[in-house]
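Note sheet for the following structure.
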Amino acid sequence: MKDLSKNVEVNGKQYVLTNDNHLLDMDAWDTDILKWLAEKADITLKEEHLTALEYIRATYKNRERHPVVRLVANHLANELGPEKGTPKYFYTLFPKGVSQASVLAGIPVKELCF
60 MKDLSKNVEV
70 NGKQYVLTND
80 NHLLDMDAWD
90 TDILKWLAEK
100 ADITLKEEHL
110 TALEYIRATY
120 KNRERHPVVR
130 LVANHLANEL
140 GPEKGTPKYF
150 YTLFPKGVSQ
160 ASVLAGIPVK
170 ELCF
């Protein structure tokens, strides 16, 4: 039977991830694992990524559901201006969409809302 999780060490800290790189413990998320996950996803983190990821984490903590792209885009518009508040812009940040953003945000695997 194939193992469904793996242990990863980053800067001397241990993290348990699914094979798709979702953190099993949302509270283990920190800057070190974020940078590691972004590198694996070939994403160079910018302020816009961090703004989106913080919103995704906060929304998940409040609702226990992944936010839809439209909500994240609206938040980006409010925080960074209307030109960065579109679903199209969201996909420039996270080309693989909500699933990729969820991995980087360190939130658990659940049903995704699109």
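Residues 60 to 173 in our numbering are what the sequence shown lists, from first letter to last.
We treat Cβ as the ideally placed atom computed from N, Cα and C, and that holds for glycine.
Beta-carbon proximity check, residue i vs residue j, cutoff 7 Å
i: L96; j: L152; result: no
i: D91; j: V127; result: no
i: F149; j: A136; result: no
i: Y119; j: H134; result: no
i: W167; j: M85; result: Residue identity differs from the one stated: residue 167 is Pro in this sequence, not Trp. Result yes, Cβ atoms of P167 and M85 sit closer than 7 Å.
Residue i, enclosing beta strand (DSSP E) - first and last residue
i: E68; result: S64 to V69
Short CB-CB distance (under 7 Å) between residue i and chain C
i: V157; result: Absence of chain C from the displayed structure is noted, only one protein chain being present.
Sequence-distant residues of the same chain with beta carbon closer than 7 Å to residue i, five excluded per side
i: L76; result: S64, K65, V67, L82 and L83
i: W88; result: L82 and G165
i: E138; result: T110
i: N121; result: none
i: K175; result: Absent from the model: residue 175. The displayed extent of the chain is 60 to 173, so no value can be given.
Terminal residues of the alpha helix (DSSP H) in which residue i lies
i: E138; result: V128 to L139
i: P167; result: No alpha helix (DSSP H) contains P167, which DSSP labels as neither H nor E.
i: F149; result: P146 to L152
Neighbourhood of residue i by C-beta distance below 8 Å, restricted to the same chain and skipping five residues each side
i: C172; result: Residue confidence is low: C172 scores 45 on pLDDT, short of 50, so the model does not pin down where it sits. No coordinate-derived value is stated.
### Message
Which complete beta strand (DSSP E) runs does the segment 66–125 hold, if anything under 3 residues is left out?
### Response
Those beta strand (DSSP E) runs which fall completely within the segment 66–125 and span 3+ residues are 72–77.
### Query
How about the segment 93–113 and the segment 145–159: do they share at least three Cβ pairs that are nearer than 8 Å?
Yes: the two stretches touch, three or more of their Cβ pairs being nearer than 8 Å.
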